[in-house]
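Add 289 to a position in the sequence shown, counting from 1, and you land on the number used in the working numbering.
For each residue, glycine too, the CB sits at the ideal point set by N, CA and C.
Keep in mind the model is a prediction, meaning the values are calculated, not measured.
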Amino acid sequence: MLVARILYPVKTLGPGSRIGLWLCGCSHKCSGCSNPELWERQEKYRISVEDLLKLIHSVSDNNPVDGFTITGGDPMEQPEELALLLPELRRISRDILVYTGYTLEELKRMRSDCIDNVLENTAVLIDGKYIKERNNGCPLRGSDNQRVICIDEGFRSVYEEYMRRGNEIQNFTSGNSVISVGIHSPDYQEQLELRLSEKNLLKGNENE
Ligand code: SF4
Numbered sequence: 290m291l292v293a294r295i296l297y298p299v300k301t302l303g304p305g306s307r308i309g310l311w312l313c314g315c316s317h318k319c320s321g322c323s324n325p326e327l328w329e330r331q332e333k334y335r336i337s338v339e340d341l342l343k344l345i346h347s348v349s350d351n352n353p354v355d356g357f358t359i360t361g362g363d364p365m366e367q368p369e370e371l372a373l374l375l376p377e378l379r380r381i382s383r384d385i386l387v388y389t390g391y392t393l394e395e396l397k398r399m400r401s402d403c404i405d406n407v408l409e410n411t412a413v414l415i416d417g418k419y420i421k422e423r424n425n426g427c428p429l430r431g432s433d434n435q436r437v438i439c440i441d442e443g444f445r446s447v448y449e450e451y452m453r454r455g456n457e458i459q460n461f462t463s464g465n466s467v468i469s470v471g472i473h474s475p476d477y478q479e480q481l482e483l484r485l486s487e488k489n490l491l492k493g494n495e496n497e
């Protein structure tokens, strides 16, 4: 499968300390998307599900993993691989949050066994395209047309409590880059570039 980034501990995209996976490839091309570098399916990011699981276990065997957040790109554009991956992730944590640009209804209309399997193994789905005019600070979502769907009702209360905290941003460093993880306001990139240029630090930053 095509996985551009793996980060841990991600605390700003779901409850607890999570492993975040950024899958590569997205056909929606939403205006204002904060990850346009992940639209193209880039072969350099290919990794087998088996090797990805080894990487994940190298983290989860030695650290607490409360859940997984799978985003991108659109994870639902790699349903065969996700259908293999998610049952294995559930052995570590059943709290699997998946972001997709498709609505749940669109996914069901695709009548794909793989997508059905992915949905069965997903605890919470955040669905729908990003609409920048509707980015108004709603928790966990880039825009308020998107829905937080508790496919596994057992996670409803923990997610409701988490969302009451509001959105936070978490920065990871990678080489000379800063990877900023969380739900960003529409002017986040401009504000970031302004602050970095004031400090002569503009080169080598990424916005997630
Ligand atoms: S679905 Fe997500 S990753 Fe794809 S273009 Fe829209 S905001 Fe970006």
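Next item on the list: May I ask you to verify whether the segment 387 to 399 touches the segment 330 to 347, counting CB pairs closer than 8 Å and requiring at least 3?
Entry: With fewer than three CB-CB distances shorter than 8 Å, the segment 387 to 399 does not count as touching the segment 330 to 347.
Next item on the list: Report back the beta-carbon spacing between I385 and N410 to the nearest angstrom; my notes put them in contact at under 8 Å.
Entry: Residue numbering aside, residue 385 sits at position 96 when the sequence shown is read from its first letter. Residue numbering aside, residue 410 sits at position 121 when the sequence shown is read from its first letter. Correct: roughly 6 Å between the Cβ atoms.
Note to self: Considering only the alpha carbon of each residue, which of I420, E449, E457, G361 lies closest to N324?
What the structure shows: To locate residue 324, count along the sequence shown from 1; it is residue 35. The shortest Cα separation from N324 among I420, E449, E457, G361 belongs to G361.
Check: Is the beta carbon of W311 within less than 7 Å of some heavy atom of the ligand SF4?
Finding: Position 22 of the sequence shown holds residue 311. Not under cutoff, so the answer is no.
Check: Are there three or more Cβ pairs, one per stretch, closer than 8 Å when the segment 418 to 432 is compared with the segment 398 to 406?
Finding: Using a Cβ-Cβ distance cut-off of 8 Å, the segment 418 to 432 and the segment 398 to 406 are not in contact, since fewer than three pairs of beta carbons, one from each stretch, lie closer than that value.
Item checked: C-beta atoms of C313 and K418 nearer than 8 Å -> Taking the first residue of the sequence shown as position 1, residue 313 is located at position 24. Taking the first residue of the sequence shown as position 1, residue 418 is located at position 129. Not a contact, by the Cβ cut-off of 8 Å.
Notebook entry, point to check: Excluding sequence positions up to five away, which residues of its chain have a Cβ less than 7 Å from the Cβ of G356?
Noted result: In the sequence shown, counting from the first residue as 1, residue 356 sits at position 67. Correct list, in chain order: G303, P304, G305, R307, S382, D384, I385, L386.
Item checked: CA-to-CA distance, D363 to D340, given in whole angstroms -> By one-based count along the sequence shown, residue 340 stands at place 51. By one-based count along the sequence shown, residue 363 stands at place 74. In this structure, the straight-line span from the alpha carbon of D340 to that of D363 is close to 21 Å.
Check: Hey, how far is the Cα of S486 from the Cα of P428?
Finding: On the sequence shown, residue 486 is found 197 positions in, with the first residue counted as 1. On the sequence shown, residue 428 is found 139 positions in, with the first residue counted as 1. Using only the alpha carbons, I get a separation of about 29 Å.
Margin query: I'd like to confirm the pairing. Which residues does DSSP put opposite R448 in its beta bridges?
Written below: Your numbering for residue 448 matches position 159 in the sequence shown. Inspection of the sequence shows that residue 448 is occupied by Tyr rather than by Arg. Answer is none; Y448 lacks a bridge partner.
Notebook entry, point to check: Between the C-alpha atoms of V467 and Q459, what's the straight-line distance to the nearest angstrom?
Noted result: As a position in the sequence shown, residue 467 is number 178, starting the count at 1. As a position in the sequence shown, residue 459 is number 170, starting the count at 1. Taking the straight line from one Cα to the other gives about 10 Å.
Notebook entry, point to check: Would the beta-carbon of G309 fall within 8 Å of that of L296?
Noted result: Stepping through the sequence shown from its first residue, residue 309 is reached at position 20. Stepping through the sequence shown from its first residue, residue 296 is reached at position 7. Going by C-beta atoms, G309 is nearer than 8 Å to L296.
Check: CB-CB under 7 Å to R330, same chain, minus the five flanking residues each way: which ones, in chain order?
Finding: Start at 1 with the first residue of the sequence shown, and residue 330 comes out as number 41. If the five residues before and after R330 are omitted, its C-beta is found closer than 7 Å to the C-beta atoms of L291, C313, G314, all from its own chain and listed in chain order.
Check: the ligand SF4 heavy atoms versus the CB of Y477: any closer than 7 Å?
Finding: As a first step, residue 477 must be located in the sequence shown, where it is residue number 188. No, the beta carbon of Y477 sits no closer than 7 Å to any heavy atom of the ligand SF4.
Note to self: So, for G390: in the same chain, excluding its five sequence neighbours on each side, which residues have a beta-carbon less than 6 Å away from its beta-carbon?
What the structure shows: Position 101 of the sequence shown, counted from the start, is the residue given in the question as residue 390. Around G390, the same chain offers H317, D363, K418 as residues with beta carbons nearer than 6 Å, after the five sequence neighbours per side are excluded.
Checklist line | Length of the line joining the Cα atoms of I359 and W311 | finding: By 1-based counting over the sequence shown, the position of residue 359 is 70. By 1-based counting over the sequence shown, the position of residue 311 is 22. Those two C-alpha atoms are separated by around 6 Å.
Margin query: Please determine whether the Cβ atom of Y334 lies at a distance below 7 Å from any heavy atom of the ligand SF4.
Written below: Residue numbering aside, residue 334 sits at position 45 when the sequence shown is read from its first letter. The answer is no for Y334.
Margin query: Just to check my reading of the structure: C439 and V407 have Cβ atoms closer than 8 Å, yes? What is that Cβ distance to the nearest angstrom?
Written below: In the sequence shown, the residue the question calls residue 439 occupies position 150. In the sequence shown, the residue the question calls residue 407 occupies position 118. In fact, because the Cβ distance is near 16 Å, the residues do not count as touching under 8 Å.
Notebook entry, point to check: Quick one, are the C-beta atoms of T301 and E442 less than 8 Å apart?
Noted result: Counting from 1 along the sequence shown, the entry for residue 301 is found at position 12. Counting from 1 along the sequence shown, the entry for residue 442 is found at position 153. The Cβ atoms of T301 and E442 lie no closer than 8 Å to each other.
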